[in-house]
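Asker: Just dropping this structure here.
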Amino acid sequence: MREKVNQTWGGRFSKPTDEFVKIFGASIFFDKILAPYDIQSSIAHATMLQEVGLLTKNEKNQIIKGLEKILSEIKTGEFKWSVTLEDVHMNIEARLVEMIGDAGKKLHTGRSRNDQVATDIRLYLRDQVDDITGEIKRLQLVLTDLAEKEASTIMPGFTHLQAAQPISFGHHMMAYFEMLARDVERLFDCRKRVNSMPLGSAALAGTTYPIKRTRTAELLGFERICLNSLDGVSDRDFAIEFLSTASIIMMHLSRFSEELILWSSAQFNFIELPDNFCTGSSIMPQKKNPDVPELVRGKTGRVYGNLTSLLTIMKSQPLAYNKDNQEDKEPLFDTVDTLKACLRVFADMVPIIQTKRDNMYNSTKQGYTTATDLADYLVNKGLPFRDAHEVVGKSVAYGIEHQKDLSELSLEELQTFDSRIENDVFEVLSLEGSLNARNHLGATSPNQVKQAIKIARETLK
Ligand code: ARG
């Protein structure tokens with residue numbers, strides 16, 4: 320008789336797996352974090368197997384007790400992981416058999432690691448999506464606090480990174496709130512497709528046993544079951560959707576980072592980042608580097624890379640499961656960890672950003688940011704907009720030449736460009752006047768910003 324070469328599939332093989340191939344093929348190094356989900360889904364599976372008569376009550380109870388014991392061994396660190404057992408599923412099953420004997424060997428009835436792993440990842444991701452949604456909401460909340468504090472703080476709004484029009488710093492913060500609100504919606508939508516159960520697809524074709532998939536799904540809190548067994552084991556769309564949503568979130572954090580980096584530079588000098596979120600230079604004593612936003616900006620590339628990885632892993636796989644699919648985990652886990660860390664560090668940092676209101680104000684003043692207001696003023700006095708544009712362009716050129724802001728020109732000077740200009744122009748040319756004049760839904764007047772904050776906070780409840 321041939322010696323058994325592998326305890327899971329030894330029957331067909333005459334030679335044991337090459338030592339390095341074992342390590343090469345193992346996923347235990349990274350899939351152990353699925354253990355709690357693997358145990359959760361096994362308990363549900365065993366419960367269903369008993370209900371349809373495939374396990375006795377006693378067998379089911381032994382299995383559940385054993386799995387619970389294994390979970391506690393894993394939590395305390397006593398559990399011995401084995402590379403020879405390749406992955407989290409076989410490590411747990413082997414330990415179960417070691418603990419309870421034959422009943423343990425029955426747990427795998429009517430399932431395969433293919434549907435098992437697909438189920439585990441979805442359970443994991445569903446939890447992670449919920450955690451991440453919570454972290455985004457925390458960031459949104461601190462953004463509304465900062466926005467409220469700075470609703471009347473005037474800064475230059477930019478287009479082409481050239482000073483364009485005065486805006487409220489609070490309004491600027493609320494722009495990020497809006498981006499994050501869309502991210503929450505995307506996560507919510509992605510969660511629906513994560514929340515579908517592959518278990519019961521077995522290896523690829525379903526199983527000959529009279530299993531009751533809806534019952535297992537109910538026990539695991541899945542909203543629906545995957546309706547095609549081939550698709551069930553091979554689908555990773557839900558993970559790709561998550562990675563693409565994560566990429567968009569990171570893109571938003573990266574834009575925010577870029578602004579914080581610019582604003583904290585000596586050239587802008589609009590904000591001061593907290594010392595405990597920055598580092599110095601080992602050679603240049605004057606430096607205070609915005610490491611945190613720089614790292615978030617850098618990590619964005621890494622998350623995009625993970626999305627590209629999984630899309631590429633999936634693109635040429637024939638149905639159904641292929642070992643390629645094992646490569647889905649590291650990009651997914653890395654993205655979850657990276658995203659959570661970036662959201663956390665942002666939510667911790669935003670409340671302690673110091674604004675330099677005077678510098679923002681002076682910078683707004685230097686940029687001829689009320690030029691549009693002057694044009695609008697002339698339109699109100701009967702001039703067609705294009706002509707008003709021309710008149711204001713000339714006034715700005717004059718201002719540049721004489722190193723004066725529009726509000727610093729005298730009435731006589733202004734009247735040389737258009738005789739319709741009167742004393743009431745100065746209200747329009749002031750930064751405060753310009754800001755307050757943009758007083759409609761979605762605009763930057765402090766009034767509207769406060770209104771937007773109120774509405775925003777309602778959505779967080
Ligand atoms: N460790 C494997 C993975 O992560 C589990 C599924 C293995 N299935 C198989 N037929 N080899 O994908």
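For reference, each letter of the sequence shown is one residue, going 320 to 780 in the working numbering.
Built from N, CA and C at the ideal position, the CB exists for glycine as well.
The structure displayed is predicted, hence computed values, not measured ones.
1) Leu730 and Ser714: beta carbons closer than 9 Å?
2) Among residues of its own chain, excluding the 5 on either side of Arg445, which ones have a beta-carbon nearer than 7 Å to its beta-carbon?
3) Where does Pro637 sit, in a helix, a strand or coil, going by DSSP?
4) Identify every residue that forms a DSSP beta bridge with Gly476.
5) Cβ atoms of Met516 and Phe541: under 9 Å apart, would you say?
6) Which of the three DSSP states, helix, strand or coil, is assigned to Met320?
7) When you compare each of Pro609, Lys351, Ala775 to Tyr443 by their alpha carbons, which one comes out closest?
8) Return the CA-CA distance between Ala285 and Pro485, expressed in angstroms with no decimal places.
9) Does the ligand ARG have a heavy atom nearer than 8 Å to the CB of Ser346?
10) Since Ala586 sits in a beta bridge, which residues does DSSP pair it with?
11) If we count the other Cβ atoms within 10 Å of its Cβ and call it buried at 16 or more, is Val371 buried or exposed?
12) How close, in whole Å, do the beta carbons of Leu748 and Lys684 come, if the pair is a contact with beta carbons under 8 Å?
13) Please return the same chain residues whose Cβ sits closer than 7 Å to the Cβ of Leu386, not counting the five positions on each side in sequence.
14) Return yes when at least one heavy atom of the ligand ARG lies under 8 Å from the C-beta of Glu405, else no.
15) Within the same chain, show all residues whose beta-carbon is closer than 7 Å to that of Asn758, passing over the 5 residues directly before and after it, in chain order.
16) Can you give me the Cβ contacts of Asp677 inside the same chain, cut-off strictly under 8 Å, excluding the 5 residues immediately before and after it?
17) Verify the contact flag: Arg432, CB atom, against every heavy atom of the ligand ARG, threshold strictly below 8 Å.
18) For Asn766, does the three-state DSSP call read helix, strand or coil?
19) Just to confirm, does Val295 get its C-beta within under 8 Å of one of the non-hydrogen atoms of the ligand ARG?
20) Just tell me which of Glu613, Phe561, Met569 has its CA closest to the CA of Ser583.
21) Once you ignore the five residues that flank Asp434 on each side, which residues in its own chain have a CB closer than 7 Å to its CB?
Answerer: Checking against the coordinates, here is how it stands:
1) no
2) Arg510, Val513, Asn514
3) Look at Pro637 here: in three-state DSSP terms it is coil, with no helix or strand label.
4) Gln484
5) Yes, these two residues count as a Cβ contact at 9 Å.
6) Per-residue confidence for Met320 stands at a pLDDT of 40, beneath the threshold of 50, marking its modelled position as unreliable; the derived number appears in the next sentence. Three-state DSSP puts Met320 in coil, outside helix and strand.
7) Lys351
8) Beyond the ends of the chain as shown, which are 320 and 780, falls residue 285; an answer cannot be given.
9) yes
10) It should be pointed out that residue 586 corresponds to Gln in this sequence rather than to Ala. In DSSP, Gln586 forms no bridge with anything.
11) exposed
12) Rounded, the Cβ-Cβ distance is 10 Å, inconsistent with contact.
13) Ile358, Ser361, Ile362, Leu415
14) yes
15) Sequence-distant partners of Asn758 (beyond 5 residues in either direction) whose C-beta falls short of 7 Å from its own C-beta, in its chain, are Ser764, Asn766, Gln767.
16) none
17) yes
18) Correct three-state label for Asn766: helix.
19) The chain is shown from 320 up to 780; residue 295 falls before or after that span and cannot be answered.
20) Glu613
21) Pro517, Leu518, Gly519, Ser520, Ala521, Gly551, Val552
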